[in-house]
Amino acid sequence: MRSIFLSGIFLLLTACASPPTSPHTPSSGHLQRNQPQPQPDSRNIGIPKPVTRIPVLAPPQPLPPQETYTIVVNEVPVKELLFAIARDAAINVDIHPDIRGVVTVNAVDQTLTRILERIEGQVAIRHELRDDTLVVMSDTPFLKTYRVDYVNMERSSSSRVGTSTKIATSSGPGADSGEGNISNTLITNTSGNRFWRTLTRNILAILDEMPNAEAPGLGRRGENASASEEEGSSHSNAVIVNAESGLVTVRATAKQHADIRTFIDQVMANARRQVLIEATIVEVELSDSHQAGIDWETFATGAGLRAAQSVMGAFPVHASTAGTSGLTLNYADAASGSAKLDVSLTVKLLRQFGNTRVLSSPKIMTLNNQTALLKVVDNEVYFEIELEEKEDAETNTTDLNIKSKVKTVPVGLLMNVTPQINDLDSVILNVRPTITRIKEYREDPGVAIIANRLAASNVANKVPVVQVRETESVLEVKSRRIAVIGGLMQDRIQRDQDSVPWLGDIPGIGNLFKYRHRNSIKTELVIFLRPTIIRDASIQTDLGDFRQFLGEE
Numbered sequence: 001m002r003s004i005f006l007s008g009i010f011l012l013l014t015a016c017a018s019p020p021t022s023p024h025t026p027s028s029g030h031l032q033r034n035q036p037q038p039q040p041d042s043r044n045i046g047i048p049k050p051v052t053r054i055p056v057l058a059p060p061q062p063l064p065p066q067e068t069y070t071i072v073v074n075e076v077p078v079k080e081l082l083f084a085i086a087r088d089a090a091i092n093v094d095i096h097p098d099i100r101g102v103v104t105v106n107a108v109d110q111t112l113t114r115i116l117e118r119i120e121g122q123v124a125i126r127h128e129l130r131d132d133t134l135v136v137m138s139d140t141p142f143l144k145t146y147r148v149d150y151v152n153m154e155r156s157s158s159s160r161v162g163t164s165t166k167i168a169t170s171s172g173p174g175a176d177s178g179e180g181n182i183s184n185t186l187i188t189n190t191s192g193n194r195f196w197r198t199l200t201r202n203i204l205a206i207l208d209e210m211p212n213a214e215a216p217g218l219g220r221r222g223e224n225a226s227a228s229e230e231e232g233s234s235h236s237n238a239v240i241v242n243a244e245s246g247l248v249t250v251r252a253t254a255k256q257h258a259d260i261r262t263f264i265d266q267v268m269a270n271a272r273r274q275v276l277i278e279a280t281i282v283e284v285e286l287s288d289s290h291q292a293g294i295d296w297e298t299f300a301t302g303a304g305l306r307a308a309q310s311v312m313g314a315f316p317v318h319a320s321t322a323g324t325s326g327l328t329l330n331y332a333d334a335a336s337g338s339a340k341l342d343v344s345l346t347v348k349l350l351r352q353f354g355n356t357r358v359l360s361s362p363k364i365m366t367l368n369n370q371t372a373l374l375k376v377v378d379n380e381v382y383f384e385i386e387l388e389e390k391e392d393a394e395t396n397t398t399d400l401n402i403k404s405k406v407k408t409v410p411v412g413l414l415m416n417v418t419p420q421i422n423d424l425d426s427v428i429l430n431v432r433p434t435i436t437r438i439k440e441y442r443e444d445p446g447v448a449i450i451a452n453r454l455a456a457s458n459v460a461n462k463v464p465v466v467q468v469r470e471t472e473s474v475l476e477v478k479s480r481r482i483a484v485i486g487g488l489m490q491d492r493i494q495r496d497q498d499s500v501p502w503l504g505d506i507p508g509i510g511n512l513f514k515y516r517h518r519n520s521i522k523t524e525l526v527i528f529l530r531p532t533i534i535r536d537a538s539i540q541t542d543l544g545d546f547r548q549f550l551g552e553e
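Shown next as structure tokens:
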């Protein structure tokens with residue numbers, strides 16, 4: 001009996017004993033204390049390759065078809081019709097008690113939304129769907145906010161191109177100088193882009209509240225003014241414009257909101273159009289056989305190009321370029337609608353008239369009706385000297401005060417262009433290219449007089465004589481076609497001199513060992529313009545020609 005009792009105690013102690021422990025191995029996915037994290041090797045990290053392909057999203061799932069209804073009523077009160085429609089469609093409806101009018105509708109298999117829109121066209125009501133309830137109310141003015149994504153900036157640009165020739169004569173000693181020959185030509189262009197101010201006035205005109213007034217809060221010259229100070233501005237608070245955030249809030253009826261929405265969509269579609277303008281400015285040093293200039297008819301007869309000009313009529317008009325003002329070029333072997341014009345090939349064709357030199361080949365992209373400016377110049381410095389004399393009666397001396405002002409003149413290329421894009425894939429360009437160069441330097445005679453009075457020597461002030469070649473024109477060009485502006489010719493005298501070393505420096509007889517050459521060079525400046533309408537600014541679409549500059553994919 002005792003042995004059985006001891007055996008039971010032994011078994012009980014054995015059962016209560018803890019099992020042997022084994023080392024715990026944590027999961028590899030758990031965070032470890034003091035576990036070193038792998039560090040990327042900075043030597044193997046380079047510039048990531050540009051994304052040249054945008055992933056294509058799966059097409060959205062088609063919406064289930066909406067239920068249609070057929071309604072035929074004649075001069076039925078609108079309240080009764082709306083209640084019957086809600087009952088047959090099994091929807092909740094709240095009808096405002098101020099609704100009045102009768103409706104005549106014949107709708108066959110049309111959706112509920114379309115039927116309500118037709119009813120709203122006959123009665124001044126509007127509807128909203130709030131959760132599961134259709135709310136119909138009178139078409140009274142209400143607030144609605146529109147998103148207008150456009151830069152908050154006003155731009156204005158002006159340019160003047162002119163020339164003046166005046167010869168003054170005098171009738172005798174002491175007489176006033178009269179005017180002899182005067183010839184003035186001046187072209188002034190002014191463009192302004194006041195997007196937000198114009199948009200506000202247009203919306204007010206749609207509301208027919210302030211058709212002839214300025215924008216709310218803006219005076220006739222753009223100054224801040226209260227709405228009460230403007231004539232007829234009692235309802236000017238109907239339009240609230242926050243240009244900083246791109247929001248326009250309008251208080252209007254549902255029909256007016258529909259017109260405003262259509263107008264804003266059309267405005268933004270036109271304002272967001274942009275065009276890529278490629279310009280190539282070439283100077284052709286005419287050969288002896290082409291001193292009369294470039295014969296553009298050669299391009300139309302045997303150069304593989306078609307030329308068209310509607311003004312002079314000297315070129316055969318092709319169907320693809322008919323109706324285009326100015327001189328335009330397109331390749332004769334290019335398929336219609338798929339022509340890809342290359343300005344460099346056109347420049348090579350000019351070599352038959354002489355040596356060609358490309359002065360500049362800029363490319364610039366700008367929005368519709370926005371002026372773009374391209375300037376690549378060197379500011380040449382010269383000085384303007386002013387002399388002021390002050391006599392001191394007490395000391396019988398004269399004090400001289402000399403002032404020197406720094407003046408600069410730009411030398412190089414300056415081009416501004418304003419495009420207007422229409423719906424026919426044509427671009428109307430107002431372009432003004434200006435090319436300047438220093439022809440020579442002239443001594444300022446006033447500096448020589450000052451130097452003589454000061455008994456100074458080797459004092460000179462050279463003023464640059466700048467030669468300007470510019471043109472200003474308005475022309476219409478088809479997208480991806482080349483427009484040509486030419487005929488800017490000039491004569492340049494080139495003088496070369498060489499001599500025999502040492503012997504040419506001998507006074508008196510040194511001229512016998514010198515060689516002088518005077519050559520007359522005639523050049524013609526040609527400007528090629530190619531506008532390209534950009535609908536999608538991506539290298540996958542309209543900017544695909546620039547893919548080669550991004551390297552391999």
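Be aware that the sequence shown starts at 1, since it is given in the working numbering, and climbs by one per residue. For each residue, glycine too, the CB sits at the ideal point set by N, CA and C. Note that this is a predicted model, so its numbers are computed, not measured.
- Pairing Glu470 with Ile435 gives a Cβ-Cβ distance under 8 angstroms.
- DSSP lists Val135 as the beta-bridge partner residues of Asp94.
- Taking C-beta separations shorter than 6 angstroms and ignoring five residues to either side along the sequence, the partners of Arg160 in its chain run Thr188, following chain order.
- For the pair of segments examined, the segment 425 to 434 was found not to touch the segment 397 to 404: the number of CB pairs separated by less than 8 angstroms stays below three.
- Per DSSP, the beta bridge partners of Ser159 are Asn189.
- Here the segment 279 to 288 makes contact with the segment 523 to 537; the two share three or more CB pairs at distances below 8 angstroms.
- Per DSSP, reduced to three states, the secondary structure at Ala483 is strand.
- One Cα belongs to Asp94, the other to Ile203, and the distance between them is close to 32 angstroms.
- The C-beta of Asn461 has 16 or more other C-beta atoms within 10 Å across all chains shown, which makes the residue buried.
- In this structure, Ile71 and Ala107 form a Cβ contact; the two beta carbons are roughly 5 angstroms apart against a cut-off of 8 angstroms.
- In the DSSP assignment, the residues bridged to Pro433 are Met415.
- For a cut-off of 8 angstroms, the C-beta gap from Thr163 to Thr185 is around 5 angstroms, short enough to register as a contact.
- Contact between the segment 112 to 127 and the segment 136 to 152 is established, with three or more Cβ pairs separated by less than 8 angstroms.
- For the 8 angstroms CB-CB criterion, Thr198 and Val239 do not form a contact.
- The three-state reading of DSSP puts Gly101 in coil, since its state is none of H, G, I, E or B.
- Gly354 is classed as buried because its beta carbon has at least 16 other beta carbons within 10 Å across all chains shown.
- Of the other Cβ atoms in all chains shown, 16 or more fall within 10 Å of the Cβ of Phe195; this residue is therefore buried.
- Each of Ser457, Asn92, Arg530, Tyr146 was checked against the Cα of Asp131, and the nearest Cα belongs to Asn92.
- Assignment of Lys478 by DSSP, reduced to helix, strand and coil, places it in the strand class.
- Annotation for Glu117: the continuous alpha helix (DSSP H) segment containing it runs 112 to 120.
- Only exposed fits Trp502, as fewer than 16 other CB atoms lie within 10 angstroms of its CB.
- Beta-bridge partners of Ser499 (DSSP): Lys514.
- Secondary structure of Arg194 (DSSP, three-state): coil.
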